[in-house]
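Remarks on the structure that follows.
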Amino acid sequence: MSPAHHAPVETVTRAPRPDLTDYDLLAPRLSGGKDSALMMWLFIETARTAGIIERVRSYHASLGLLDWPGITYHGVYWPGVSELAARQSTAFGLPPDQLIEVTRTLTGPDGTRMPHSLLTEIAAYGRFPRLGSRYCTKSAKDTVVSASWTPFVTQRKKELGRPVRILKVQGMRRDESRSRSALAPYRNVLANGARSVDEWLPALEWTTEAVKE
């Protein structure tokens with residue numbers, strides 16, 4: 001007997017791009033770089049025009065000790081990654097309480113939670129980044145942000161009586177790598193009894209030259 005094949009889960013909006021009003025939480029991811037700034041520029045006015053800016057929560061996944069810190073060079077202060085992400089969120093009109101910074105943690109020797117960075121990963125497990133398993137993606141960013149949605153999902157599911165609809169918005173572009181060149185601009189990435197998560201990449205077709213302009 002041949003194995004069963006399951007059709008891909010459909011996105012919340014049955015169209016090539018999302019209708020933001022279909023979602024309970026709009027969750028743009030900010031890195032502090034040029035691509036997340038472009039993504040916010042493409043995304044935020046749509047949310048504002050739809051009158052649903054209160055549904056937006058921007059997220060920055062900090063890498064703890066590996067996040068580039070703020071420095072002063074020749075008397076000029078250059079902000080760190082977390083500060084840049086916060087400035088991006090504010091620049092696009094979101095109040096401070098609509099920016100959420102999350103950090104992966106683990107239980108320390110004294111029983112309290114401590115930041116879990118690449119250094120602690122190597123020390124605890126001997127796991128080094130490699131091609132196809134880069135440190136700064138799944139476990140340190142996607143999983144941490146997804147976990148931070150859980151309290152919201154638990155509460156809203158009770159209120160709505162259905163799975164909570166979340167739109168994850170990211171600034172990835174095809175130009176960046178071979179793997180990203182194959183990404184779909186709008187797709188479902190998770191569906192279960194508690195939440196349905198779609199991913200939208202509004203900057204996907206932008207070239208590096210266009211971004212710099």
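The UniProt record's numbering puts the first residue of the sequence shown at 1, with every later residue one more than the last. Cβ atoms here follow ideal geometry from the backbone N, Cα and C, with glycine treated the same way.
*Skipping 5 residues on each side, what residues in its chain have a beta carbon closer than 7 Å to that of A86?*
The residues are L99.
*Going along the chain, which unbroken runs of the beta strand (DSSP E) with 3 or more residues stay wholly within the stretch 43-95?*
Whole beta strand (DSSP E) segments, 3+ residues: 58-62, 71-73, 76-78.
*Can you check DSSP and say which residues form a bridge with K168?*
In the DSSP assignment, K168 is bridged to A27, E199.
*Quick one: residues in its chain with C-beta nearer than 8 Å to the C-beta of G193, no 5 flanking neighbours on either side, listed in chain order?*
Excluding its 5 nearest sequence neighbours in each direction, G193 has C-beta neighbours in its own chain below 8 Å: P163, listed in chain order.
*Just the C-alpha distance for W212 and L160, rounded to the nearest angstrom, thanks.*
The question names Trp, yet the displayed sequence has Lys at residue 212. Approximately 43 Å between the Cα atoms of the pair.
*When you compare only the Cα positions, how much space is there between P185 and W200?*
When rounded, the separation of the alpha-carbon atoms in P185 and W200 is 6 Å.
*Compare the beta carbon distance of I52 and L20 with 8 Å and say whether it is the shorter of the two.*
Cβ distance < 8 Å, so I52 and L20 count as in contact.
*asked:* Given this structure, state the Cα-to-Cα distance separating R29 from M172, to the nearest angstrom.
replied: If you draw a straight line from the Cα of R29 to the Cα of M172, it is about 10 Å long.
*Could you check where the alpha helix (DSSP H) with R156 kicks off and where it finishes?*
For R156, the enclosing alpha helix (DSSP H) starts and ends at 150-160.
_A15 and V145 closer than 8 Å at C-beta_ = Not closer than 8 Å, so no.
_Proximal residues to T13 (C-beta, below 6 Å), its chain only, five neighbours per side dropped_ = Hits under 6 Å: D19, D22.
*Best match in W78, A147, S89 for proximity to T103 [C-alpha to C-alpha]*: The shortest Cα separation from T103 among W78, A147, S89 belongs to A147.
*Using the C-alpha atoms, what's the distance from A47 back to P95?*
Cα to Cα, the separation comes out at about 15 Å.
*Would you kindly report the start and end of the unbroken beta strand (DSSP E) that includes T208?*
First-last for T208: 208-212, but that is the alpha helix (DSSP H), not the beta strand (DSSP E).
*Roughly how many angstroms separate the alpha carbons of L25 and L167, rounded to a whole number?*
L25 and L167 have their C-alpha atoms spaced approximately 6 Å apart.
*Between R156 and the rest of its own chain, which residues show a CB-CB distance below 7 Å, the 5 nearest in sequence each way excluded?*
The answer, listed in chain order, is D24, V164.
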